[in-house]
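S.K.: Residue numbers (our numbering): 16 to 487. Shown below is the structure under consideration.
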């Protein structure tokens, strides 16, 4: 009898333990979903790399390959690099204009370098004089002006902040080429400096959307330090979003990470787009030309068509697109950047519904383009418009109630089924040479069949969680 009672009690305690763990996981998941909601809705943001490196504008001793890494790539001694500070006087900087350009492009948030690897700060830090207020003729807190303007215009203000700091005497390791002594350097003291600046950034400028860390790869920084910093930031602003570079949470430029073990809320592929969805929140950051910071000799600009299609491709895989601008030392966006953002904004004004708040494609592959999803809607992004007026939609099982061009809802299209495959009858004239968007509306959630090799069975993609879909 006692043995039976013991067994029953043990089973009860085990079930209770499992329930508690399940509730904890659900609560943690709900907390993350709540803070990530605006970010998942936004899909498109502006990255800004700006600092003292705008002074040399990529050129040093006749070499023109440099940008934001110029201190290291050109091997400029710290004391000599400091001389750029008096030359940094961006009198043409206009926070209102910058935010307007981003907003008109269809962007919903701005991430700017509060401090890059060179250690120079674009905000008024009380922990160093190596900042825009104390070390330059400009004497204005750029972060303050931008954060206030973002709030006025309805964009989320976010900070990029480098863990690495080539200027601070306590940061280790030194560059291999440096002659600066590391004697007396104390990395733990540097961590306190880092945390102090992070506190300034998340307590002095109102609500911040994202704290975007970088420079975490050197061996003095480890996963435990990253986890501690993540918890510290979360204690200061519970709803802030933090990227995976706060710790050792990425595998190279692919930016992938294991959300179960690594600190951070999203992955950060750099200068590349994953071939499929990643199964968690992620954001591709990318330059318009070949540099993050301003380089006056870099004219290798991506085309507007390429950038819009990249935005569509990323969104179709469940990701966000963080597109970079490197302003000049005067405080201006380069004209090619302005032109491309304006063109993207023109397309987004018409087709933004197919980007904002969408989830990943239900299709495994679409030879003619990409697709995004909303409740009871599919958006077909057509890159290659069919010359014969017939657009196949492979795997679509559900019957669409209506089909029309997003740019012109009056342009209705017929949909029929041939050999078990849905086919749209579309106008022979290409609506948009960059990306034409067709909307399919349904009474219920659309079902798409994907050929997956799972016990040789065909399974409906609509039964899979959207962010795990390996879409094209």
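The beta carbon of each residue, even a glycine, is placed where N, CA and C say it ideally should be.
Could you give the first and the last residue of the continuous alpha helix (DSSP H) run that contains residue 351?
M.R.: Indexing the chain shown from 1 puts residue 351 at position 336. Residue 351 -> alpha helix (DSSP H) spans 350 to 366.
S.K.: Give the list of continuous alpha helix (DSSP H) stretches no shorter than 4 residues that lie fully inside the segment 371 to 422.
M.R.: none
S.K.: May I ask you to list the residues that DSSP assigns as paired with residue 438?
M.R.: Here residue 438 refers to the residue found at position 423 when the chain shown is read from its first residue. DSSP, once it has assigned bridges, lists 407, 431 as partnering residue 438.
S.K.: How about residue 86 and residue 146: do their beta carbons lie closer than 9 Å?
M.R.: Locating residue 86 in the chain shown gives position 71, where the first residue counts as 1. Locating residue 146 in the chain shown gives position 131, where the first residue counts as 1. Going by C-beta atoms, residue 86 is not nearer than 9 Å to residue 146.
S.K.: Which residue's Cα is closest to the Cα of residue 462: 209, 293, 411?
M.R.: Against the chain shown, residue 462 aligns to sequence position 447. Among 209, 293, 411, the Cα nearest to that of residue 462 is on 411.
S.K.: Residues in its own chain within less than 6 Å of residue 37 by CB, not counting five upstream and five downstream?
M.R.: Start at 1 with the first residue of the chain shown, and residue 37 comes out as number 22. Its pLDDT being 49, under 50, residue 37 is placed unreliably by the model, and the measurement read from it follows with that caveat. Cβ neighbours of residue 37 beyond the five flanking positions: none.
S.K.: Mind checking which residues open and close the alpha helix (DSSP H) that includes residue 118?
M.R.: Translated into the one-based positions of the chain shown, residue 118 becomes position 103. First-last of the alpha helix (DSSP H) with residue 118: 110 to 119.
S.K.: Applying the 10 Å Cβ sphere with the 16-neighbour rule, what's the burial state of residue 131?
M.R.: As a working note, residue 131 is residue 116 in the chain shown. Classification for residue 131: buried.
S.K.: Assuming residue 208 and residue 142 are in contact, meaning their beta carbons sit under 8 Å apart, how far apart are those beta carbons, in whole angstroms?
M.R.: As a working note, residue 208 is residue 193 in the chain shown. As a working note, residue 142 is residue 127 in the chain shown. Approximately 6 Å separates the beta-carbon atoms of residue 208 and residue 142; this is inside 8 Å, confirming the contact.
S.K.: Using only alpha-carbon positions, find the residue among 83, 429, 127 that is nearest to residue 309.
M.R.: Stepping through the chain shown from its first residue, residue 309 is reached at position 294. Nearest option by C-alpha distance: 83.
S.K.: On the DSSP bridge assignment, give the partners of residue 171 in chain order.
M.R.: Position 156 of the chain shown, counted from the start, is the residue given in the question as residue 171. Looking at the DSSP assignment, residue 171 forms a beta bridge with 124.
S.K.: Tell me whether the beta-carbon of residue 220 lies closer than 9 Å to the beta-carbon of residue 179.
M.R.: Translated into positions along the chain shown, residue 220 becomes position 205. Translated into positions along the chain shown, residue 179 becomes position 164. Cβ atoms of residue 220 and residue 179: not closer than 9 Å.
S.K.: Identify the continuous beta strand (DSSP E) that holds residue 454 and give its terminal residues.
M.R.: Along the chain shown, read from residue 1 onward, the residue named residue 454 stands at position 439. Element bounds for residue 454: 451 to 456.
S.K.: Give the straight-line distance between the Cα atoms of residue 373 and residue 387, rounded to the nearest whole angstrom.
M.R.: Counted from its first residue, the chain shown places residue 373 at position 358. Counted from its first residue, the chain shown places residue 387 at position 372. Approximately 6 Å between the Cα atoms of the pair.
S.K.: Please identify the residue among 401, 421, 382 whose C-alpha is closest to the C-alpha of residue 393.
M.R.: Counted from its first residue, the chain shown places residue 393 at position 378. Checking every option, the nearest Cα to that of residue 393 belongs to 421.
S.K.: Locate the alpha helix (DSSP H) running through residue 88, then write down its first and last residues.
M.R.: Along the chain shown, read from residue 1 onward, the residue named residue 88 stands at position 73. First-last of the alpha helix (DSSP H) with residue 88: 85 to 88.
S.K.: Taking the alpha carbon of residue 415 as the reference point, which residue from 46, 448, 431, 401 has its own alpha carbon closest?
M.R.: Residue mapping note: residue 415 aligns to position 400 of the chain shown, counting from 1. With distances taken between Cα atoms, residue 415 lies closest to 431.
S.K.: I believe residue 195 touches residue 93 by the beta-carbon criterion, under 8 Å. Please report the beta-carbon distance rounded to the nearest angstrom.
M.R.: Locating residue 195 in the chain shown gives position 180, counting from the first residue. Locating residue 93 in the chain shown gives position 78, counting from the first residue. Between residue 93 and residue 195 the Cβ distance is about 6 Å, and since that is below 8 Å, they are a contact.
S.K.: Taking residue 284 as the reference, which of 337, 303, 316 has the closest Cα?
M.R.: If you number the chain shown from 1, residue 284 lands on position 269. Among 337, 303, 316, the Cα nearest to that of residue 284 belongs to 337.
S.K.: Where do the ends of the beta strand (DSSP E) carrying residue 299 lie?
M.R.: As a working mapping, residue 299 is identified with position 284 in the chain shown. Per DSSP, residue 299 belongs to the beta strand (DSSP E) from 298 to 301.
S.K.: Should residue 292 be labelled buried (16 or more other beta-carbon atoms within 10 Å of its own) or exposed?
M.R.: By 1-based counting over the chain shown, the position of residue 292 is 277. Per the 10 Å Cβ criterion, buried.
S.K.: Output the residue ranges of the beta strand (DSSP E) runs that lie fully inside the segment 305 to 342 and measure 3 residues or longer, sorted by chain position.
M.R.: 335 to 340
S.K.: Under the assumption that residue 156 contacts residue 139 (Cβ atoms under 8 Å), give the Cβ distance between them as a whole number of angstroms.
M.R.: Taking the chain shown and counting its residues from 1, one reaches residue 156 at position 141. Taking the chain shown and counting its residues from 1, one reaches residue 139 at position 124. Their Cβ separation, rounded to whole angstroms, is 4 Å, which keeps residue 156 and residue 139 in contact under 8 Å.
S.K.: Excluding the five sequence neighbours on either side, which residues of its own chain have a C-beta within less than 7 Å of the C-beta of residue 356, listed in chain order?
M.R.: Here residue 356 is taken as the residue at index 341 of the chain shown, counted from 1. Cβ neighbours of residue 356 beyond the five flanking positions: 116, 120.
S.K.: Which residue comes first and which comes last in the beta strand (DSSP E) that contains residue 241?
M.R.: The residue you call residue 241 lines up with position 226 of the chain shown. DSSP places residue 241 outside any beta strand (DSSP E); the residue lies instead in the alpha helix (DSSP H), whose first and last residues are 238 to 251.
S.K.: Could you tell me the distance, in whole angstroms, from the CA atom of residue 255 to the CA atom of residue 170?
M.R.: As a position in the chain shown, residue 255 is number 240, starting the count at 1. As a position in the chain shown, residue 170 is number 155, starting the count at 1. Near 15 Å, if we compare the C-alpha coordinates of residue 170 and residue 255.
S.K.: Grouping DSSP H, G and I as helix and E and B as strand, with all else coil, what is residue 146?
M.R.: Start at 1 with the first residue of the chain shown, and residue 146 comes out as number 131. In this structure, residue 146 counts as strand in the three-state DSSP scheme.
S.K.: Please tell me whether residue 66 and residue 108 are closer than 9 Å, where the distance is taken between their beta carbons.
M.R.: Position 51 of the chain shown, counting from 1, holds the residue named residue 66. Position 93 of the chain shown, counting from 1, holds the residue named residue 108. No, Cβ-Cβ distance for residue 66 and residue 108 is not below 9 Å.
S.K.: Confirm, please, whether the CB-CB distance from residue 391 to residue 460 is below 9 Å.
M.R.: If you number the chain shown from 1, residue 460 lands on position 445. If you number the chain shown from 1, residue 391 lands on position 376. Yes, Cβ-Cβ distance for residue 460 and residue 391 is below 9 Å.
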